[in-house]
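The structure under discussion appears below in the form of structure tokens.
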Amino acid sequence: MNSQQFVELDETYSAHNYHPLDVVIEKAEGVWVYDVDGKKYLDCLAAYSAVNQGHCHPGILAAATEQMHKVTLTSRAFRNDQMGPFVKELCELTSYEMALPMNTGAEAVETAIKAVRKWGYEVKNVPDNQAEIIVCEGNFHGRTTTIVGFSSEASYKRHFGPFAPGFVMVPYGDTAALEAAITSNTVGFLVEPIQGEGGVVIPPDGYLRDAYEICQRHNVLFVADEI
1 MNSQQFVELD ETYSAHNYHP LDVVIEKAEG VWVYDVDGKK YLDCLAAYSA
51 VNQGHCHPGI LAAATEQMHK VTLTSRAFRN DQMGPFVKEL CELTSYEMAL
101 PMNTGAEAVE TAIKAVRKWG YEVKNVPDNQ AEIIVCEGNF HGRTTTIVGF
151 SSEASYKRHF GPFAPGFVMV PYGDTAALEA AITSNTVGFL VEPIQGEGGV
201 VIPPDGYLRD AYEICQRHNV LFVADEI
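Heads up, the sequence shown is in the working numbering, so the first residue is 1 and it goes up one at a time.
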């Protein structure tokens, strides 16, 4: 089959949530990908998102194959010999106390929202169902209904409502707006250290440090969503 035939199959049977380039990748190695027609391309994404380690790295393949020959999968209802050492190394690398691995970025943000709200009700004593989380204009934190509900991009929200309340939006990079938006019901500030959806948007120097200090002063949890 050639590229056009594969594209026709994809267009016919796969839901149109993305509109990808009509390049049908068949194999890949390192930074190079090859389509079904034999053309070679340089993959400047180096795979995708948080898994941008390139393609078919021999060390990663060997480690994955070795593990799959031992144990492929366990539920979190059981312990295994990989989880403990992994989260220990991760916490030491990031200087955090604990880690909770997730499958996707959207799941990580949803979990952070739950954790921040629960902390707000049980520790900060915010009245039940009154917790507020501050987010930034131009954000992209995922595509779940909760997350697109506080997007500033209208096309991401169209025909997906109604959306969950409890989110307050401020301009990205504006610490004065952040501090002005905080109330006694504010439990968290969710921010991308560098925004990437509408281009690479880098905040002003000192913004993250100052935002963190504002959160500390007002007893608000600071949540950084960085892919």
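Think of the CB as a built atom: it goes at the ideal place given N, C-alpha and C, for glycine as much as any other residue.
query, result
"Please state if the CB of Asp-35 and the CB of Val-236 are separated by a distance shorter than 8 Å.", "Any answer about residue 236 is impossible in this case: the structure gives the chain only from 1 up to 227."
"Exposed or buried, what is Leu-73 when buried is set at 16 or more other beta-carbons lying within 10 Å of its beta-carbon?", "exposed"
"What's the C-alpha gap between Ser-184 and Met-83?", "38 Å"
"Would you call Ile-194 buried or exposed, if buried means 16 or more other Cβ atoms sit within 10 Å of its Cβ?", "exposed"
"Excluding the 5 residues preceding and the 5 following Lys-124 in the sequence, name in chain order all residues of the same chain whose CB lies nearer than 7 Å to its CB.", "Val-187 and Asn-219"
"From Gly-206 to Gly-173, what does the alpha carbon distance come to, in whole angstroms?", "9 Å"
"For Val-141, is the classification buried or exposed, using 16 other Cβ atoms within 10 angstroms of its Cβ as the cut-off for buried?", "The sequence shown places His at residue 141, not Val. Buried, by the Cβ-count rule."
"With Asp-225 and Leu-190 assumed to form a contact (beta carbons below 8 Å), what rounded beta-carbon distance in angstroms separates them?", "6 Å"
"Would you tell me roughly how many angstroms separate the C-alpha atoms of Ser-95 and Ala-154, rounded to the nearest one?", "37 Å"
"Taking the straight line between their C-alpha atoms, what separation do you get for Asn-79 and Pro-85?", "Per the sequence shown, the amino acid found at residue 79 is Arg instead of Asn. Answer to the nearest angstrom: the Cα atoms are 12 Å apart."
"Could you round the C-beta distance between Gly-54 and Gly-30 to whole angstroms and report it? I think they count as a contact, below 8 Å.", "5 Å"
"Starting from Asp-10, trace the alpha helix (DSSP H) both ways and give me its first and last residue.", "3-13"
"Beta-carbon separation of Trp-32 and Asp-22 under 8 Å?", "no"
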